[in-house]
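J.:
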């Protein structure tokens, strides 16, 4: 046996034979006793006794489904303990096919020291050995993770800084990739790839369709996200294990070693990172040990950026971009608000009550989503913001800021362009529905211009940002007129006065709840 499998002044990993007879007690039983124990020493960890599995009493152990991965020891299997005095899950672990660097512990298992009742060496009770005292300064990545990593302002920047640190400290990283699962309603995950020699970290989004592609199904990332402990494949030698298509490609690129590991966030969310190198001999224990030591801290930093980005994404999706920014910036107290001069857009689905009563739920939801998607996408692409969906209706604004005289015609044009685009989208939707023998979707849009209060309202425990004020109510009344005139769009007199282009007058009308009649308009083609 080689006493020191590999060592350096930085990350020591050694295995030594133990002269004493080691006995382990649990639940009032002797669960293991051996005079063939080994002790593994690892930098900055307490020494661990490894006992031959055949010297563990088989009456008290059963293999569990749990596995974990150490990039320089290998895949660890786990066993449960069951005695008359108590049961405990995953109390033993061992490397059934360990990496060559720790080949001597094959066929051995270790016990969680603090979970056992007692340990004995030659019948003398012993305490948990002290941890190795190697200073953290021995890890060249420690200074970076403690003193510099926090300066990153995004996940992308953090990954670039991390890999620069690896290169600067002689770790032969050729490619680093991380995939982070998202809470985005349209995205399964977001990925980042760093390649040596490239200035920028590449960011890519994976929608939910990716989970059906061979690139994902046949990748180590899928198995790890679904619970696998990790993958380490040395790509050199006569018969390397190339059990994933990516490994074949990596070997053809000249890569010599591949490591993929889970990166868990504090809530248990399982993400994946991978590393490859083209150095002869692959990654060393120093390389992997140093990375492995800082990975929990790096994971928390990545999680911090991810959580903020997720918050922005979810707030943008569910509240709108501007409202989301207000929430993130702390404007969250009930009564907080701003007075805004803006274009107000209100749209509504026709005959929604009868449709919901007569159509199957799935068909009605499909219809509703087709309508709201056409409306919302038109507003958003024109520069407006959808504030809320009110059942089968939607309220949106086009804020007017700065010089009102200059900004108002811009906002009204944006809103009118959005309305025309929405009409075009709905025409396409209805053409498709007719071809499928489905009922057409009827709807109306009202456009108005005025002062509104954009504020935070509700109860102390349930708040909502929305627009309130007479102008918002008038926009809804304008939309209601579309049913009377049989047109999909009605525009207020005030909006018309600031709108370039010709509109068709529908005469003076009395809006419900508004004291004075006003002239209303629609597009010339109606």
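Residue numbers (our numbering): 445 to 970. Think of the CB as a built atom: it goes at the ideal place given N, C-alpha and C, for glycine as much as any other residue.
1. Helix, strand or coil, according to DSSP, for residue 503 in the structure here?
2. Pull up the distance between the alpha-carbon of residue 836 and that of residue 754, whole angstroms please.
3. In three-state DSSP terms, what is residue 669?
4. Kindly identify the DSSP beta-bridge partner or partners of residue 512.
5. Using the three-state DSSP reduction, which class does residue 705 fall into: helix, strand or coil?
6. For residue 500, is the classification buried or exposed, using 16 other Cβ atoms within 10 angstroms of its Cβ as the cut-off for buried?
7. For a cutoff of 8 Å on Cβ pairs, would you count residue 714 as touching chain C?
8. What are the partner residues of residue 492, as DSSP defines its beta bridges?
9. How long is the line joining the alpha carbons of residue 765 and residue 820, rounded to whole angstroms?
10. Would you mind sorting residue 922 into buried or exposed? The rule is 16 or more other CB atoms within 10 Å of its CB.
11. With distance defined between alpha-carbon atoms, name the residue in 848, 629 and 460 nearest to residue 758.
12. Kindly give me the distance between the Cβ atoms of residue 466 and residue 596, rounded to whole angstroms, as I take these residues to be in contact under 8 Å.
13. Using the DSSP secondary-structure output, state which residues sit across from residue 677 in a beta bridge.
14. Let me confirm a value: residue 526 is counted as buried when at least 16 other C-beta atoms fall within 10 Å, else exposed. Which label applies?
15. For residue 621, list the residues DSSP reports as bridge partners.
16. Is it buried or exposed for residue 591, if we count other Cβ within 10 angstroms and need 16 for buried?
17. DSSP three-state call for residue 423: helix, strand or coil?
18. Classify residue 452 as helix, strand or coil using the three-state DSSP reduction.
19. Since residue 916 and residue 889 are thought to touch, with beta carbons under 8 Å apart, how far apart are those beta carbons, to the nearest angstrom?
20. In terms of alpha-carbon separation, which member of 598, 666, 859 and 567 lies closest to residue 756?
21. Residue 833 lies in the beta strand (DSSP E); which residues open and close that run?
22. Exposed or buried, residue 702, counting other C-beta atoms within 10 Å across all chains shown (16 or more means buried)?
23. In the structure shown, what three-state DSSP assignment does residue 445 receive?
24. First and last residue of the beta strand (DSSP E) that includes residue 724?
25. Looking at residue 647 and residue 636, is the spacing between their C-beta atoms short of 8 Å?
26. Assuming contact is defined by CB atoms lying nearer than 8 Å, are residue 651 and residue 632 in contact in what I supplied?
27. Nearest-angstrom Cα distance between residue 555 and residue 735?
28. Among 621, 687, 812 and 497, whose alpha-carbon lies nearest the alpha-carbon of residue 716?
29. If I'm right that residue 497 touches residue 551 with Cβ under 8 Å, what's the distance once you round it to whole angstroms?
30. Is residue 898 helix, strand or coil by DSSP?
31. For residue 511 and residue 602, what's the separation of their Cα atoms in angstroms?
32. Nearest to residue 834 by CA position, among 873, 867 and 763, is which residue?
33. Decide if residue 553 is buried, meaning its Cβ has at least 16 other Cβ atoms within 10 Å, or exposed.
34. Can you give me the Cβ contacts of residue 485 inside the same chain, cut-off strictly under 6 Å, excluding the 5 residues immediately before and after it?
35. Compute the beta-carbon to beta-carbon distance between residue 676 and residue 543, rounded to the nearest angstrom, for a pair I have assumed lies under 8 Å.
36. Quick one: using the 10 Å Cβ neighbour count with 16 as the cut-off for buried, is residue 849 buried or exposed?
T.: The relevant details are as follows:
1. helix
2. 27 Å
3. In the structure shown, residue 669 sits in a helix (DSSP, three-state: H, G or I).
4. 520
5. strand
6. Buried, by the Cβ-count rule.
7. Reference to chain C is not applicable here, since this structure consists of a single protein chain.
8. 484
9. 13 Å
10. buried
11. 629
12. Wrong, their Cβ atoms sit about 46 Å apart, outside the cutoff.
13. 702
14. buried
15. DSSP, once it has assigned bridges, lists 637 and 718 as partnering residue 621.
16. exposed
17. No information on residue 423 is available, as it lies outside the stretch 445 to 970 that the chain covers here.
18. Confidence in residue 452 is poor, its pLDDT being 42 and thus under 50, which makes the residue's placement unreliable; the coordinate value appears in the next sentence. In the structure shown, residue 452 sits in coil (DSSP, three-state: anything other than H, G, I, E or B).
19. Contact flag wrong, Cβ pair sits at about 14 Å.
20. Residue 598 is the option with its Cα nearest to residue 756.
21. 829 to 834
22. Buried is the call here.
23. Annotation note: pLDDT 43 at residue 445 (below 50); position unreliable, coordinate value reported separately. Coil, per DSSP.
24. Premise fails: residue 724 is in no beta strand (DSSP E) and is neither H nor E.
25. yes
26. yes
27. Going from the Cα of residue 555 to the Cα of residue 735 covers about 25 Å.
28. 621
29. 6 Å
30. strand
31. Answer to the nearest angstrom: the Cα atoms are 29 Å apart.
32. 763
33. It is buried - the Cβ of residue 553 has at least 16 other Cβ atoms within 10 Å.
34. Counting only Cβ-Cβ distances below 6 Å, and skipping sequence neighbours, we find 458 and 491.
35. 7 Å
36. exposed
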